[in-house]
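Presented below is the structure to which this report refers.
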Amino acid sequence: MESYILQATGLSKQFRGFYAVKDVNLRVRRHSIHALIGPNGAGKTTCFNLLTTFLRPTTGSIQFNDREISASDPATVSSMGLVRSFQISAVFGQMTVLENVRVALQQKAGMTWAFWRRDRALKVLDARALELIAMVGLTRWLHTPAVELSYGRKRVLELATTIALEPEMILLDEPMAGLGHEDIAPVMEIIRSVAKGRTILMVEHNMKVIAELCDRVTVLQSGQILAEGSYDEVSRDPAVIEAYVGGAND
Ligand SMILES: Nc1ncnc2c1ncn2[C@@H]1O[C@H](COP(=O)(O)OP(=O)(O)OP(=O)(O)O)[C@@H](O)[C@H]1O
-6 MESYILQATG
4 LSKQFRGFYA
14 VKDVNLRVRR
24 HSIHALIGPN
34 GAGKTTCFNL
44 LTTFLRPTTG
54 SIQFNDREIS
64 ASDPATVSSM
74 GLVRSFQISA
84 VFGQMTVLEN
94 VRVALQQKAG
104 MTWAFWRRDR
114 ALKVLDARAL
124 ELIAMVGLTR
134 WLHTPAVELS
144 YGRKRVLELA
154 TTIALEPEMI
164 LLDEPMAGLG
174 HEDIAPVMEI
184 IRSVAKGRTI
194 LMVEHNMKVI
204 AELCDRVTVL
214 QSGQILAEGS
224 YDEVSRDPAV
234 IEAYVGGAND
């Protein structure tokens, strides 16, 4: 098995003559937690959109499990096991926590709603749903409509619906954004348990979270890779410090 699950080579994206991402070579090791960081406007979101094929690259290739995906549509990529969380809300407000996870499991199984409404089918599904809900710590809110959950709990519910799709690799877009201070440590624990046997690539601004969670960090600046290494290595790199200080960022 190839040790890199995702490899982008010579990846560029041009918007009307301007390079948002330029000649990026990114390799993500299987079963690692990898962070993509950089000051505002560095190209992180564009990079994410390219990797999940929400955007087509101007040039370059993207291989997921050794298969070229840059010309595939996002639904195909997701069915191949590369799934993105936290960008498009996958949570239905009027449905309860349990119902939301059930629907995600049903989507994965590709079964019709009529099938799943049969009691026996639902019971099988519920066992897995309860497991996933426990994993993200939402068992107490099983029958609570998602709309009534706190922001932090909505986000972990979204994570549960993402894991229901059994992805091999998850792209997390700023998992800590908007969370209260008290939610950070529990969400970090959840990400750590979700990462077991999976690969995670995340864009995140909270450096403490990156330092604690991530095995490897890639720093982008002006659409290009400025540095890559462990958190300790990149955080000591003068070019990285200059990029952040120069941009008066964080
Ligand atoms: N659709 C677009 N059309 C034109 N320019 C774009 C488009 N999307 C992004 N850009 C530009 O590309 C650059 C990189 O943007 P991007 O959103 O990828 O950066 P980022 O690192 O995610 O920034 P932030 O941390 O602020 O979210 C920015 O200068 C942005 O203005």
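Note that this note's numbering gives residue 165 to position 172 of the sequence shown, counting from 1, and the numbers run on in steps of one.
Here a beta-carbon is modelled for each residue, glycine too, at the ideal position from N, C-alpha and C.
If you're wondering where the values come from, they're calculated on a predicted model, not measured in any experiment.
query = Does P32 get closer than 8 Å to chain B when you measure Cβ to Cβ?
reply = Absent from the structure: chain B. Only one protein chain is present.
ask   = Buried or exposed: N33, going by 16 or more other Cβ atoms within 10 Å of its Cβ?
value = exposed
Closest by C-alpha distance to S71, when choosing among S25, Q56, M162 and D208 = M162
key: As assigned by DSSP and simplified to three states, the class of K201   = helix
query = From D208 to L164, what does the alpha carbon distance come to, in whole angstroms?
reply = 15 Å
query = In angstroms, rounded to a whole number, what distance separates the CA positions of E221 and V14?
reply = Straight-line Cα distance between these residues: approximately 16 Å.
task = Would you list the residues sitting across from S78 in a DSSP beta bridge?
result = Answer by DSSP bridge pairing, in chain order: L165.
Element boundaries [alpha helix (DSSP H), containing E226] = Per DSSP, E226 belongs to the alpha helix (DSSP H) from Y224 to R229.
request  = Would you tell me roughly how many angstroms separate the C-alpha atoms of I156 and L125, rounded to the nearest one?
outcome  = Taking C-alpha positions only, I156 is separated from L125 by approximately 8 Å.
key: Span of the alpha helix (DSSP H) around D176   = H174 to V187
query = With contact counted as at least three CB pairs below 8 Å, one residue from each stretch, are the stretch 61 to 70 and the stretch 21 to 33 in contact?
reply = Note that the stretch 61 to 70 does not touch the stretch 21 to 33; fewer than 3 beta-carbon pairs, one per stretch, sit closer than 8 Å.
F11: CB within 7 Å of a non-hydrogen atom of ligand 1 = F11 has its CB nearer than 7 Å to a heavy atom of ligand 1.
ask   = From A153 to E182, what distance separates their C-alpha atoms?
value = Distance between the alpha carbons of A153 and E182: 14 Å.
query = When DSSP labels each residue in this structure, what does G145 get in the three-state scheme?
reply = helix
key: Endpoints, alpha helix (DSSP H) assigned at T39   = Start and end: K37 to L44.
ask   = If we ignore side chains and look at the alpha-carbon of each, how far apart do D16 and N58 end up?
value = 21 Å
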